[in-house]
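A.B. asks:
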Amino acid sequence: ANAPHIPVHLGSMGESIRAVMRDNAGKIKPGNVYALNAPYNGGTHLPDVTVITPVFDDKGRDILFYVGSRGHHADIGGITPGSMPPDSKTVEEEGVLIDNFLLVDQGNLREDALRDLLCGGTYPVRNFDQNLADLAAQIAANEKGAQ
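The sequence shown begins at 151 in my numbering and counts up one residue at a time.
1) Given residue 271, which residues of its chain have a CB within under 6 Å of its CB, disregarding the five upstream and five downstream residues?
2) Out of 285, 294 and 217, state which residue places its alpha-carbon closest to the alpha-carbon of residue 198.
3) Nearest to residue 267 by alpha carbon, out of 242, 165, 180 and 257?
4) When the Cα atoms are used, what is the spatial distance from residue 294 to residue 218?
5) Return the CA-CA distance between residue 225 and residue 176, expressed in angstroms with no decimal places.
6) Any idea if residue 240 is buried or exposed, counting beta-carbon neighbours within 10 angstroms, 16 or more meaning buried?
7) Please work out which residues of its chain come closer than 7 Å, Cβ to Cβ, to residue 275, disregarding the five sequence neighbours upstream and downstream, and give them in chain order.
8) How is residue 224 classed by DSSP in three states: helix, strand or coil?
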C-alpha cells in the first residue's frame, strides 16, 4: 500500500533498491535483508527507513526480484525528538544515517549490530525497542510481499 498523498515514498524506492544491488553485487545471499534511509541513495528523509529483501529462486541461486517497504519511524535520533529539526546543520543532526546496512544475515536478525548503529552515535535514537518493532514489521511485510 502507498498513501496517495505521499508519492515520494514510492517514487524514490527504485534508487534505494539499485543502491543495494550495486553495493552488494555478488554478495547477496538468500535470507539477507538490507536497510537504509540515506538521502544519497534514494532515501527521502531520515525517519523514512527502507527495508529491502531480495527474493531468490527455489534453488537459492538467482535473484528473481526485490521487495521493499518504506516506513516512517517516529524517531531516528538527531538533535530533536521526531528527527526533523529545522535548525540542523549536518545530516547527523537530523538522525542516524543508515546506508546499506545488513539487517538480516541469511535469516538471522543482526540485533546487536543494529543496536550499535542506532544507539552508538552522537545523536542516537530515543526508543530502540520501538525502532526494532517497526523494522520487524517491515521485514514481515516484505516476507508477505515475497509470497
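Glycine included, each C-beta is placed from N, C-alpha and C at the ideal position. Bear in mind the structure is a predicted one, so any value in this text is a computation, not a measurement.
C.D. replies: Taking the geometry as given:
1) 246
2) 285
3) 242
4) 11 Å
5) 33 Å
6) exposed
7) 225, 226, 227, 246, 268, 269 and 281
8) coil
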